[in-house]
Every structure is written in structure tokens, then in C-alpha cells.
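As C-alpha cells, the structure follows; a few thoughts come after it.
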């Protein structure tokens, strides 16, 4: 492949051509600046919000934690690679540990071991802290749900008024 400049109706444009035939290689849409506006749809999450995971709070030994945030986000990449078809999306998870520390990162990172069902003795030892964390998480989820419902109702009301 070699790069040549072609003059046409659009002005001068750089095009890659094949060495042997001299035929122009068709540009990809994402190289020309037209790319999909919407991200890919998320797959089922690896764990539910409020679920238990075994993760490493300090890169040393795994500990039980509760998932306090789970989002579908685009991974950071160098500019040519963060556009389709090379962009990459994944689950961003935030975990809170019994000692109050939190850690966030992609689900497939090396610090997240796996989701887990904790044995009863572990739950009994951490019960007061976990009950407080779960109550806090439920309150945050309720607030988010109320905000989403209020937005939806406002949009429906605006559409109803626009129709009249």
C-alpha cells in the first residue's frame, strides 16, 4: 500500500492505493468521520448491583465486597482505536469493602476475582457494616429511580402538551 493524493470534486484527498494494481483502497466509514452515534447495547451484567464479589482491595489478597456501582462504559484508547470498529466497551464496577475502602475498575480487571455467595460465618462477622452499606445503597437506588420516573413523567407531559 502507498499513500497518494488525488484531486477531484471534493478537492485534494489522500487515498491508499495497492502497489500491484494501482487501484484505490476503499476508505472505511470511521476513517472518513462518519461513525455510529450510539454505543453497542450492553450484554447482561456480570453481577447485580448490591451483589457480592471477591476482589482485591490492595492488589494483595482477595476480600469480600459489595457492588455499589455498575455501568456500561467505553474503554479509554488511543484516538484511532476508540472509534468503530475498534472501540471497546465493558462493565465498570465499583466495590466497597467492609473496612470502608472502595475500588473501581473494569470487571475483567485482575483485581476482581469473581462474584460469590458468602458463607454464613462471614456474613455474621460483617453483618452490622453490610446492613448499613446495603441500606445506603438501597436509599441511593430509590433516589435514582425517583429521579428517572420524574424525568419520564416530565417528558410524557411535554409530549402530551405538544400534541394539544
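Numbering (UniProt numbering), first residue to last: 1 to 164.
Glycine residues also receive a C-beta, built at the ideal position from the N, C-alpha and C atoms.
- Item | Burial state of residue 71 (16 or more Cβ within 10 Å) | Exposed, by the Cβ-count rule.
- Task: To the nearest angstrom, report how far apart residue 110 and residue 23 are at their CA atoms.
- Result: Going by the C-alpha atoms only, they are around 46 Å apart.
- Assigned exposure category for residue 96 - 16 Cβ within 10 Å defines buried: Burial call: buried.
- Task: Would you mind giving the Cβ-Cβ distance between residue 166 and residue 56, rounded to the nearest angstrom? I have them listed as a contact below 8 Å.
- Result: Examination of residue 166 is not possible in this model, given that the chain is present from 1 through 164 alone.
- Task: Express the C-alpha separation of residue 106 and residue 138 in angstroms, rounding to a whole number.
- Result: Here the alpha carbons of residue 106 and residue 138 stand approximately 23 Å from one another.
- Start-to-end residues for the beta strand (DSSP E) that takes in residue 54: Taken as a continuous stretch (DSSP letters only), the beta strand (DSSP E) holding residue 54 covers 52-55.
- Message: Am I right that residue 39 and residue 91 are in contact with their C-beta atoms under 8 Å? What's the rounded C-beta distance?
- Response: Between residue 39 and residue 91 a beta carbon distance of about 13 Å is seen, past the 8 Å cut, so the two are scored as non-contacting.
- Taking C-alpha atoms, which residue in 19, 116 and 18 lies nearest to residue 52? Checking every option, the nearest Cα to that of residue 52 belongs to 116.
- Query: So, is residue 142 buried or exposed, given that buried needs 16 or more other C-beta atoms within 10 angstroms?
  - Reply: Its Cβ having fewer than 16 others within 10 Å, residue 142 is exposed.
- Given a cut-off of 8 Å, decide if residue 63 and residue 93 are closer than it, judged by their beta-carbon atoms. No, they are not a contact pair.
- Message: As a quick exercise: from 149, 145, 88 and 133, pick the residue whose alpha carbon is nearest that of residue 99.
- Response: The shortest C-alpha separation from residue 99 is found at 133.
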